[in-house]
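Working notes, structure below.
Protein chains: 2
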Amino acid sequence: MPFQYNEYYNEQTGLTVGIKKQLFCEQTPYQLVEVFETDTWGNLMTIDGMVMLSEKDEFVYHEMMAHVALFSHPNPKKVLIIGGGDGGTAREVLRHPSVEHVDMVEIDEAVVRASKLHMPEVGDFDNPKLHVLYENGLTFVDGPENEYDVIIIDGSDPVGPAVDLFKKDFYEKCHRCLKADGVLVSQTESPFVESYHESMQSVFKACDELYPVTKMFLTFIPLYPTGMWSMLFASKGIDPLSKEVTSRIEAKIGTFADKLKYYNKDVHTGAFALPNFVKHIIQK
Amino acid sequence: MPFQYNEYYNEQTGLTVGIKKQLFCEQTPYQLVEVFETDTWGNLMTIDGMVMLSEKDEFVYHEMMAHVALFSHPNPKKVLIIGGGDGGTAREVLRHPSVEHVDMVEIDEAVVRASKLHMPEVGDFDNPKLHVLYENGLTFVDGPENEYDVIIIDGSDPVGPAVDLFKKDFYEKCHRCLKADGVLVSQTESPFVESYHESMQSVFKACDELYPVTKMFLTFIPLYPTGMWSMLFASKGIDPLSKEVTSRIEAKIGTFADKLKYYNKDVHTGAFALPNFVKHIIQK
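Chains A and B, in that order, give the protein sequences. Going by numbering that gives the first Met the number 0, 113 is the number at position 114 of the first sequence; the sequence numbering is gapless. Going by numbering that gives the first Met the number 0, 99 is the number at position 100 of the second sequence; the sequence numbering is gapless.
Now the structure itself:
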């Protein structure tokens, strides 16, 4: 029997999605993982009642999480993804021919299982370059040193298990995991939702102190609160708006440009144009 | 007693806003005009059940509708706004010192009345340069020839009375109203909502035939369906991405930059960066 899924970001205000039926529901040791068949957005995964992705709009988030970082780096070979259990970010990373090895550190195997079962087009789990490790990303980053070209932090919202993904300690460890020309990208919530501002400010302040280059970029995500989503770009030196990077995009994107539904060279640059009210949040 | 307002753009999927109370409700000869006090977005105006603006997010829409056109034109003096009865677009237009005369042609005086009563910060109705005409925009454009520097079409969605604002006949008449270096901007709905694609394609095809320069730009609007909104830029020659225009923004914005919460030079340029799926819609 049809019903509606609601995610409120402010009191009684938020998103409503028409649901045909529930396809997956599991309370894991970490969180409640659900998949629903929706009326018009394909299958929808939620964690603890928060939208993670739908089959119809996931291309935006995953292309922006992967390609801004991967094209900015001159020669990305080894990539670490923290979270990202649905597999979409890894799928986009693996489109880059230079990539030899992707470690995807997902705490909850149920997320991977639900994605494989009910969103079979999202992940590229049979790719031999992809190594899925069911571990806690927060402690995983204690180990590696000077090992990764790119780190992508594809965690859920800063409530519950993901809250420490928004703290300085974690970004310090990531800095040590990255090579000397390393690049890091992370999702950092919606600038229109005031209750997220503290987490956003915490991440940007930490990275300003740790990395020579720290910038925010923005993307449209219809099923995330307010439709405006921010992401962090931090690097040990590479400027994502440099002529070097835009030339690289032009030179390299041709091999898979027809696979991309959102990202292109102009979108890469345009995403870093921040409205005044957004600048004010992270300059506080 | 609190309740919720819903606007569905696809079956049972859309926006939900927490409502404290209804402040205005009038079935006019044209449409149902309502204003609600919301939980977290200030007062909200709807027409025929579709969100027009909230006090909290209106700055985005109005700044982008006004400033992309007004900064692109070398010396805008006389401006025509079709619709826009809440007054927000006119308020932003009137920030430009070169503007001497604004005609705002709003079919429904109830929209103006509701805005003055319940959104007093939105309009600048006492400004002597603003001339509010309660007429039908579709027939108003039969009259003027070679008269306006800028036309802004700030109408509602392409259902009901606004449907003809998306047809070629109307854009032909606007072309005649514009001076030789004229600029036109119009709101053209969300690229993520497939039921709007036909209207979008109709407008862009018509303007491609009529104007030497036709481009789409995008903006984040949290309370509009999907949060991604498109706008049309058409001109008789001026390229909004030219060095001439970006230099003009730099030179002129200083006088009121501190009043702007969204628009700046980078946002102007970045807004024209279209994701691949959006390009495909208007290139069909």
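The beta-carbon is built from N, C-alpha and C at its ideal position, and this holds for glycine as well.
Cβ neighbours of residue i in the same chain (closer than 8 Å, five flanking residues each side left out)
{"i": "V192 (chain A)", "result": "Y8, N9, P224 and T225"}
{"i": "K264 (chain A)", "result": "T245, I248, E249 and I252"}
{"i": "P211 (chain A)", "result": "S234, K235 and G236"}
{"i": "H100 (chain A)", "result": "K76, K77, V78, K128 and H130"}
{"i": "E208 (chain A)", "result": "K167"}
Proximity below 7 Å, CB of residue i to CB of residue j
{"i": "D153 (chain A)", "j": "G48 (chain A)", "result": "no"}
{"i": "T88 (chain A)", "j": "I151 (chain A)", "result": "yes"}
{"i": "K19 (chain A)", "j": "E36 (chain A)", "result": "yes"}
{"i": "F276 (chain B)", "j": "K260 (chain A)", "result": "yes"}
{"i": "F255 (chain B)", "j": "R94 (chain B)", "result": "yes"}
{"i": "E146 (chain A)", "j": "C173 (chain A)", "result": "no"}
{"i": "G13 (chain B)", "j": "T15 (chain A)", "result": "yes"}
{"i": "V334 (chain A)", "j": "M103 (chain A)", "result": "Residue numbering for chain A in the displayed model covers 0 to 283; residue 334 (chain A) lies beyond these limits and cannot be assessed."}
{"i": "V32 (chain B)", "j": "V110 (chain B)", "result": "yes"}
{"i": "A270 (chain A)", "j": "V266 (chain B)", "result": "no"}
{"i": "V182 (chain B)", "j": "H279 (chain B)", "result": "no"}
{"i": "T187 (chain A)", "j": "S229 (chain A)", "result": "yes"}
Delimiting residues of the beta strand (DSSP E) encompassing residue i
{"i": "E25 (chain B)", "result": "T12 to Q26"}
{"i": "T218 (chain B)", "result": "V212 to F219"}
{"i": "Y60 (chain B)", "result": "Y60 (chain B) -> not in any beta strand (DSSP E); alpha helix (DSSP H) instead, spanning E57 to S71."}
{"i": "M49 (chain B)", "result": "M49 to S53"}
{"i": "D257 (chain A)", "result": "Where D257 (chain A) is concerned, there is no enclosing beta strand (DSSP E), given that its DSSP letter is neither H nor E."}
{"i": "G82 (chain A)", "result": "K77 to G82"}
{"i": "H33 (chain A)", "result": "Sequence inspection shows Glu at residue 33 (chain A); the His mentioned does not correspond to that position. L31 to T37 is the span of the beta strand (DSSP E), which, as asked, contains E33 (chain A)."}
{"i": "V149 (chain A)", "result": "Y147 to D153"}
{"i": "F232 (chain A)", "result": "M227 to S234"}
{"i": "M44 (chain A)", "result": "N42 to I46"}
Rounded Cβ spacing between residue i and residue j (contact assumed at less than 8 Å)
{"i": "I356 (chain A)", "j": "M199 (chain A)", "result": "The question about residue 356 (chain A) has no answer, for chain A in this structure spans 0 to 283."}
{"i": "G236 (chain B)", "j": "D180 (chain B)", "result": "6 Å"}
{"i": "S185 (chain B)", "j": "L231 (chain B)", "result": "4 Å"}
{"i": "K76 (chain B)", "j": "S97 (chain B)", "result": "6 Å"}
{"i": "Q30 (chain A)", "j": "Q11 (chain B)", "result": "Contact doesn't hold; Cβ gap of about 26 Å is too wide."}
{"i": "S155 (chain B)", "j": "I46 (chain B)", "result": "5 Å"}
{"i": "F203 (chain A)", "j": "F219 (chain B)", "result": "That belief does not hold up - the Cβ atoms of F203 (chain A) and F219 (chain B) are roughly 19 Å apart, past 8 Å."}
{"i": "P221 (chain B)", "j": "M227 (chain A)", "result": "7 Å"}
6 Å CB neighbourhood of residue i in its chain, flanking five on each side removed
{"i": "M0 (chain B)", "result": "Here M0 (chain B) scores only 47 on pLDDT, less than 50, and its place in the model should not be relied on; the value that follows carries that caveat. Taken in chain order, the list of residues that qualify is empty."}
{"i": "S114 (chain A)", "result": "D85, G86, V121 and G122"}
{"i": "G142 (chain A)", "result": "none"}
{"i": "N5 (chain B)", "result": "T15"}
{"i": "H196 (chain B)", "result": "I280"}
{"i": "E144 (chain A)", "result": "R175"}
{"i": "E293 (chain A)", "result": "Since the first residue shown for chain A is 0 and the last is 283, residue 293 (chain A) is missing from the structure and cannot be characterised."}
{"i": "R112 (chain B)", "result": "none"}
Extent of the continuous alpha helix (DSSP H) run through residue i
{"i": "N9 (chain B)", "result": "Unbroken run through N9 (chain B) is the beta strand (DSSP E), F2 to N9; no alpha helix (DSSP H)."}
{"i": "N126 (chain B)", "result": "Here N126 (chain B) belongs to no alpha helix (DSSP H), and DSSP marks it neither H nor E."}
{"i": "I280 (chain B)", "result": "N275 to Q282"}
{"i": "Y170 (chain B)", "result": "K167 to C176"}
{"i": "S246 (chain A)", "result": "K242 to K251"}
{"i": "D107 (chain B)", "result": "Here D107 (chain B) belongs to no alpha helix (DSSP H), and DSSP marks it neither H nor E."}
{"i": "T268 (chain A)", "result": "K264 to G269"}
{"i": "M199 (chain A)", "result": "H196 to L209"}
{"i": "V140 (chain A)", "result": "No alpha helix (DSSP H) contains V140 (chain A), which DSSP labels as neither H nor E."}
{"i": "G87 (chain B)", "result": "G87 to V92"}
Spatial neighbours of residue i in its chain, beta-carbon cut-off 7 Å, leaving aside the 5 residues before and after
{"i": "C285 (chain A)", "result": "Nothing can be reported for residue 285 (chain A), as the shown portion of chain A is limited to 0 through 283."}
{"i": "S194 (chain A)", "result": "none"}
{"i": "L301 (chain B)", "result": "Since the first and last residues shown for chain B are 0 and 283, residue 301 (chain B) lies out of range."}
{"i": "E108 (chain B)", "result": "Y133"}
{"i": "Y262 (chain A)", "result": "E62, M63 and H66"}
{"i": "D125 (chain A)", "result": "none"}
{"i": "T27 (chain B)", "result": "D107 and A109"}
*How do the segment 137–146 of chain B and the segment 154–171 of chain B stand: do at least 3 beta-carbon pairs fall below 8 Å, yes or no?*
Judged by pairs of C-beta atoms under 8 Å, the segment 137–146 of chain B touches the segment 154–171 of chain B, as three or more such pairs exist.
_Validate contact between the segment 87–102 of chain B and the segment 59–69 of chain B using beta carbons, cut 8 Å, 3 pairs_ = Yes: the two stretches touch, three or more of their Cβ pairs being nearer than 8 Å.
*Counting Cβ pairs, one atom from each stretch, are 3 or more of them under 8 Å apart for the segment 236–250 of chain B and the segment 22–41 of chain B?*
These segments do not touch.
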